[in-house]
């Protein structure tokens, strides 16, 4: 039976799934950590924003396969190094989030910022405990797009030998075995669905005031 | 880097059916076919659902779901099931073009100023006239935004088609990878990236050229027409009835 293939290869599929999760989500984490200060700088300075936001969208235009292949020449890694995929996806995540962060921080009402200043918040603490929390909904929206597109893009990495579940596509194609490819597609979709749901949940839990406001 | 430039400068790589111009034309051809197919599916659905103003969550949900579809998997699966040919490649790429086009068309039509739509109905326009003469022209910026996103996705991903023995600029990437010919790979990567950037720029210019001037500057601000100097606002405004009811005057 053809369907036997799935139970017989559960271990391999699980391993690829784990690799896929790391390759897709590690860049989201690193990208978030990098994008918050960059976006903060862009939100505070109009001239800087005029440079950073268009630069980010140009970076986002570079096709993933091209970036996977060109990166080793720029950062000095080997061609088949998983690091290439992580760095490339981090670049996309930063490119996507810088705009979200800048827009979100720009949309924080100036009265709120002024009130926090008047209450004695220093800029650093005001950013962490007032401005950043208010930016969470827009930030989560950006994170969802970044996470889902990273999960889908990792599989392109299979062409350079590092692709998590994407290796089911190249392997299935070479062995002329559609079921293996189908399994990969379903797994990628499920993973995207679960991660997206988790991000929505994190966004809700971390912004309790939005629900209070909606009920009042 | 120098190897990359000498590869690009080699005249042998610029002629023949495997040369850069031929591969570029192939790449654009698949991309245009896929975009056209995607538009044929996405534009009517987005416009009708946006016009009816119902079922939007289905559009947004399915567009997001399709975004997660791994292109390489879809392409290899379709090629295995249908055989190598233009059809599976176009289909797989069209699936990429649909979500941005659908989302752009739907939200463009959905967000047209309801006052303008009511005014059009009040003038006696039929529903299809409302859609074609009012809603679609007003939605053009977002529709074209969707088209730009779709074109970018399709051009970037068309490179993957080379993996299933197809042409296009991806050939340089895949062939270079197989033969460990690094300059060829890098040249392919640079060519695809440059193509994506050029098309993005051209579409941005097109958007500027064909969107009605009244819609520029973003937002849904309706153009205000001022004839002569605007009347100074009264210092102490009193409610003035705009129109006297007929027959009120003796």
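Chains as they are written, first to last, in the working numbering: chain A, 974 to 1189; chain B, 14 to 263.
Cβ atoms here follow ideal geometry from the backbone N, Cα and C, with glycine treated the same way.
Within chain B, 83, 85 have C-beta atoms less than 7 angstroms from the C-beta of residue 1139/A, given in sequence order. With contact defined as three or more Cβ pairs closer than 8 angstroms, the region 1060-1080 of chain A and the region 1007-1016 of chain A are in contact. Close to chain B, meaning a Cβ-Cβ distance shorter than 7 angstroms, are the following residues of the region 1045-1079 of chain A: 1046. Looking from the CA of residue 1034/A, the closest CA among 44/B, 174/B, 99/B, 208/B belongs to 208/B. Interface criterion not met: the Cβ of residue 43/B is under 8 angstroms from no Cβ in chain A. Against residue 1035/A, the close residues of chain B are 169, 202, 205, 206, 209, 210, in the order they occur along the chain (beta-carbon pairs closer than 9 angstroms). With a beta-carbon spacing of about 18 angstroms, residue 998/A and residue 1131/A fall beyond the 8 angstroms limit used to define contacts. The C-alpha of residue 1069/A lies about 38 angstroms from the C-alpha of residue 141/B. Scanning its chain for C-beta atoms nearer than 6 angstroms, with the 5 sequence neighbours on each side dropped, one finds around residue 39/B the residues 180, 181, in chain order. Judged by beta-carbon spacing, residue 1050/A lies within the 8 angstroms limit of residue 1057/A, meaning their Cβ atoms are closer than that value. Judged by their CB atoms, residue 184/B and residue 36/B are nearer to each other than the 8 angstroms cut-off. Ranking 1122/A, 987/A, 1084/A by CA distance to the CA of residue 1107/A puts 1084/A first. Residue 39/B has a beta carbon lying at 8 angstroms or more from every beta carbon in chain A.
Between residue 1172/A and residue 1116/A, the C-beta spacing is below 8 angstroms. At a beta-carbon threshold of 8 angstroms, none of the residues of chain A lie near residue 48/B; the nearest stands roughly 16 angstroms away. Against chain A, the beta carbon of residue 89/B has neighbours under 8 angstroms at 1142, 1143, 1145, 1146, 1154, listed in chain order. Judged by DSSP secondary structure, residue 211/B falls within the alpha helix (DSSP H) whose first and last residues are 195-223.
Setting aside the 5 residues that flank it on each side, residue 117/B is surrounded in the same chain by 155, 156, 158, 159, each with a C-beta closer than 6 angstroms to its C-beta; the list follows chain order.
The C-beta of residue 151/B has 16 or more other C-beta atoms within 10 Å across all chains shown, which makes the residue buried. Taking the CA atoms as reference points, residue 88/B sits about 39 angstroms from residue 143/B. When DSSP states are grouped into helix, strand and coil, residue 1076/A belongs to the helix group.
At least one beta carbon of chain A lies nearer than 8 angstroms to the beta carbon of residue 213/B. Secondary structure of residue 138/B (DSSP, three-state): coil. For residue 119/B, the enclosing alpha helix (DSSP H) stretches over residues 99-123. The DSSP-derived three-state label of residue 976/A is coil. Among the residues facing chain B, residue 1149/A is included, as its CB has a counterpart in that chain under 8 angstroms away. Of the candidates 1044/A, 1118/A, 987/A, 1162/A, the residue whose Cα lies closest to the Cα of residue 200/B is 1044/A. Nearest Cα to residue 172/B within the set 106/B, 128/B, 112/B: 106/B. Excluding five sequence positions before and after residue 202/B, the CB atoms of its chain that fall closer than 7 angstroms to its own CB belong to 186, given in chain order. Look at residue 96/B here: in three-state DSSP terms it is coil, with no helix or strand label. About 5 angstroms separates the Cβ atoms of residue 1161/A and residue 83/B, confirming a contact at the 8 angstroms cut-off. In this structure, residue 1063/A sits near residue 1000/A, with a CB-CB distance shorter than 8 angstroms. The DSSP-derived three-state label of residue 1149/A is coil.
Of the residues assessed, residue 99/B falls on the exposed side of the cut-off, its CB having fewer than 16 other CB atoms within 10 angstroms.
Taking 8 angstroms as the cut-off, the beta carbon of residue 197/B is found no closer than this to the beta carbon of residue 27/B.
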